[in-house]
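Next up, the structure:
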């Protein structure tokens, strides 16, 4: 099975300056979920922008075999915008059209089908900003599905979701991977990352890449997050040994 | 009570305002949604020296005004887009600078070109009760273009405004729709000059759309409401101006501002703005 994404010795910089991310080598296979771990400013967003073709590799190679679609954090979008969930999903049909063309009947049908796919058919007419965080995230996934993307890039999709919404989103991601899509998920949640297929740790450069059990060692995490690691004692008697966790990241948007 | 509306020059003012209401309802909503309100004000102000120059040099005033407004809109729009990309939102410093420069240049030029202050006043505040056939034609053309552009490009303008970064990733790479929006802003700024002048352009292009925005949560309904509101405000303003012998452009602007203030105090609007 050929990889959807293959990077080798990849470096990416903004405007020809010092690379914001270097030494990246990984592959994403169909049906795989890869967690992208790293501190804020560690290069996760830079990697996504390179995959989307917005930034060109400064060195190395990056091969993207399928169509990539990004699912940004929902706070990045305008919650006060006068759009319905269907309007947002319909934005996914834009890449397929010349700029002077309006959405066709088929485009609308595709947007509705994508909303149904993420279990939001009954919310199509709702105002986007009035949906819950988890529902908004799924609308943005629907927008990516409308583009028929084989590679989904999710930027901290679980931030701010309650347990039920998070479980629902996680199940959806498993289904999408089951359809043969490749899913890259930027996250700070180590527990989640351990459940997925592989992890990619970055902090200005690639720290490690591989299956979680072998990759998420204390040394790798220390190199990825610097000092922001705490070791938690077992939650209760009989629980598995000490667990590592990342201190809540300091959020700052660029 | 309605006898002012039987006067031919008042009727022509009404026709002009109805056409401009269509412009305000379609383009005005995009101006508000895309944060171009101040840029629209600046484009109208920039048209002022263009009009004066055209008059002095003896070519069509509309052309002079449109040229200057277009130059302004494209320059500010382009620089604004760069700033958005780098910093996520820009301030209006540049717009303010160019706006002042344009007004000052216009006034200095006008002192050479015109010998009556009345002509300068009508350029700055409009001459709604002295609308000519050419003004009506320009308003009709601008309204038609705005309607057609909304029909064709609305989904793209919406996607870019909704989240610009994702829009780029979605493949909204063509600059054409956003550049066309700026061209339309310049065209609209010139189209409203005859009615409300360079300084009150936003009374038609921004205030009705901003008012209706408080009460609508879909673009289509918002645009229809804005057309109706701008038309009603225009008719009320003209009627008041004739009855009170007040300057018509300014009266329309005052009515629009008062309606905005009233609507903003409604409970639902307060909730929407929160």
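Residue numbers (the working numbering), protein chains in the order written: chain V, 1 to 254; chain S, 255 to 528.
For each residue, glycine too, the CB sits at the ideal point set by N, CA and C.
Indicate whether at least one CB of chain V lies closer than 8 Å to the CB of residue 332 of chain S. no
Is there a C-beta anywhere in chain V that falls below 8 Å from the one on residue 260 of chain S? no
Taking the alpha-carbon positions, what's the residue 40 of chain V to residue 88 of chain V distance? 27 Å
Confirm, please, whether the CB-CB distance from residue 120 of chain V to residue 152 of chain V is below 8 Å. no
Please determine, among V:9, V:226, V:19, the residue with the shortest C-alpha to C-alpha distance to residue 46 of chain V. V:19
For residue 147 of chain V, count neighbouring C-beta atoms within 10 Å of its own C-beta (all shown protein chains included) and say buried if the count is 16 or more, exposed if not. buried
Residue 307 of chain S burial status per 10 Å Cβ neighbour count (16 or more: buried): buried
Residues, ordered as in the chain, of the stretch 60-93 of chain V that lie near chain S by beta-carbon distance below 9 Å: 68, 69, 70, 71, 72, 76, 77, 78, 80, 81, 82, 83, 84, 87, 88, 90, 91, 92, 93
With 9 Å as the C-beta to C-beta threshold (strictly closer), list the residues of the stretch 380-411 of chain S near chain V in chain order. 405, 406, 407, 408, 409, 410
Burial state of residue 316 of chain S, where buried means 16 or more other Cβ atoms lie within 10 Å: So residue 316 of chain S counts as buried.
DSSP-derived helix/strand/coil call for residue 209 of chain V: strand
Please identify, using Cβ separations under 8 Å, the residues of the stretch 476-503 of chain S that lie next to chain V, in order along the chain. 476
Compare the C-beta of residue 56 of chain V against all C-beta atoms of chain S and say whether one is closer than 8 Å. No, residue 56 of chain V lies away from the interface with chain S (no Cβ there is under 8 Å from its Cβ).
Looking only at its chain, what residues have a beta carbon closer than 6 Å to the beta carbon of residue 8 of chain V, apart from the 5 residues adjacent to it on each side? Closer than 6 Å at the Cβ level, and outside the excluded window around residue 8 of chain V, lie 25, 60, 61.
Is DSSP giving residue 26 of chain V helix, strand or coil here? Taken through DSSP and simplified to helix, strand or coil, residue 26 of chain V comes out as strand.
Hey, does residue 127 of chain V have any beta-carbon neighbour from chain S nearer than 8 Å? yes
Excluding the 5 residues flanking residue 455 of chain S on each side, which residues of the same chain have their C-beta closer than 6 Å to its C-beta? Only residues of its own chain outside the window of five on either side were considered, and among them 298, 443, 446 have a CB closer than 6 Å to the CB of residue 455 of chain S, listed in chain order.
To the nearest whole angstrom, what separates the beta carbons of residue 421 of chain S and residue 281 of chain S, a pair I think is in contact under 8 Å? Not really, about 20 Å apart at Cβ, beyond 8 Å.
Going by CA-CA distance only, name the one from S:269, S:462, S:500, S:318 that's closest to residue 291 of chain S. S:462
Quick one: which chain S residues come within Cβ less than 7 Å of residue 99 of chain V? 410, 428, 430, 431
Could you tell me the alpha carbon to alpha carbon distance between residue 321 of chain S and residue 117 of chain V, rounded to whole angstroms? 50 Å
Taking beta-carbon pairs under 7 Å, can you tell me which members of the stretch 429-461 of chain S lie near chain V? 430, 431
Residue 72 of chain V: first and last residue of the uninterrupted alpha helix (DSSP H) it sits in: First-last for residue 72 of chain V: undefined, no H or E at that position.
Please confirm if residue 102 of chain V has its CB atom under 8 Å from at least one CB of chain S. Look at residue 102 of chain V: its C-beta is under 8 Å from a C-beta on chain S.
Measure the alpha-carbon distance for residue 74 of chain V versus residue 92 of chain V and round it to whole angstroms. Approximately 15 Å, taken between the alpha carbons.
Beta-carbon neighbours of residue 413 of chain S, restricted to chain V and to distances below 8 Å: 91, 94
DSSP-derived helix/strand/coil call for residue 391 of chain S: helix
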